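Numbering (this note's numbering), first residue to last: 6 to 365. The beta carbon of each residue, even a glycine, is placed where N, CA and C say it ideally should be. Since the structure is predicted, the reported quantities are computational estimates derived from the model, not experimental observations.
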Ligand SMILES: Nc1ncnc2c1ncn2[C@@H]1O[C@H](COP(=O)(O)OP(=O)(O)OP(=O)(O)O)[C@@H](O)[C@H]1O
Ligand SMILES: [Mg+2]
């Protein structure tokens, strides 16, 4: 260090302003991600605040920042403290106090794995450090409680608000808590509408980064209510690879577009089956249709989930694979999708879509 000039705050800021967030197309200083710069001789430290704890670009941004700082003459040791703050959409009112983002999981067709994806996505986001809730908007066929292992929850009230069940760090509310088991729920549109609105307004969700909403199949009343009653940050469409499911996937896409809900992307479920201990993959329903549909429709493809008996068992016993066996390749596929979802949310929040911008 002897004879070299002192490193200044300005030099550090200038170096960091060359580091781009590859998706937001802005540098990390203008995005407000840099704070607490400390310089002590050749030692430089700063805090990097990412837009989501599940950021898939964390290593890249950290690496680029480190390289930029190391290029400052006299820099010897770089320390980056990384944390995350999920930001609400720009200039948009939050629909539920304390909840940053509401994400709907839908499909045009029944039984393709919406609830399975919703529950595992919630657990994966929570494992990545986010605060997560799960709203079961399938009022007449509520399956979230069983898959999250909270089916015996007796709902409590506090200050006139419903206290959600909680398991694996996920807060959950479902119609299943309010009706006797084995009683069919036969309701018409207006009643469904009221129940969903109540789950949005009268539940003590607390502070959440993401509220995942498991939708019933199709493009009916519940979807309409969700899109009208609340500000959805985005929608995920689950599909299976076969042609009929893809056709319904297209309908889901058209529905979100009509409602000006940003589409976060497609998930292809049951993409292939790989027997344990074998490297062979069997494409039972075909494969790659979801990816092609995403490409053709110009929306992101979030990833594929194999057909895996452990996923079904996890759902049946209320212990999702993302919790029971997080290193399993199928669990890692869910984790990867969770990162993509969090990333897409950050992109949409910081750069509103033309639809969202013109709605203001
Ligand atoms: N990748 C998978 N591997 C194995 N089984 C799966 C997978 N995805 C879903 N399943 C199983 O398929 C069945 C249907 O899944 P799920 O209930 O999640 O679908 P859904 O789209 O929510 O259905 P609905 O339209 O009735 O709400 C469940 O028994 C679930 O455990
Ligand atoms: Mg379901």
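The distance from the Cβ of residue 175 to that of residue 127 is about 5 Å, consistent with a contact at the 8 Å cut-off. Residue 342 has its alpha-carbon roughly 27 Å from the corresponding atom of residue 181. Looking at the DSSP output, residue 177 sits in a beta bridge with 139 and 170. Under the three-state reduction of DSSP, residue 156 is assigned to coil, being neither helix nor strand. At a Cβ-Cβ threshold of 8 Å, residue 261 and residue 294 do not count as neighbours. Remark: the C-beta of residue 341 is outside contact range of ligand 2, defined as less than 7 Å to any heavy atom. Between residue 17 and residue 49, the CB-CB gap stays under 8 Å.
Comparing alpha-carbon positions, the option among 243, 206 and 279 lying closest to residue 223 turns out to be 243.
Judged by the Cβ position, residue 57 fails to qualify as a neighbour of ligand 1 at the 7 Å threshold, every heavy atom of the ligand being at least this far.
Exclusion of residue 224 from the 7 Å shell around ligand 1 follows from its C-beta lying no nearer than that to any non-hydrogen atom of the ligand.
Rounded to the nearest angstrom, the Cβ distance from residue 110 to residue 226 is 17 Å, too far for a contact under 8 Å. Taking C-beta separations shorter than 6 Å and ignoring five residues to either side along the sequence, the partners of residue 304 in its chain run 268 and 270, following chain order. Sorting 153, 316 and 323 by C-alpha distance to the C-alpha of residue 339 places 316 at the top.
Secondary structure of residue 52 (DSSP, three-state): strand.
By the Cβ criterion, the segment 120 to 134 is not in contact with the segment 155 to 168, since fewer than three pairs of Cβ atoms, one from each stretch, lie closer than 8 Å. Classified as exposed, residue 321 has fewer than 16 neighbouring CB atoms from the shown chains inside 10 Å of its CB.
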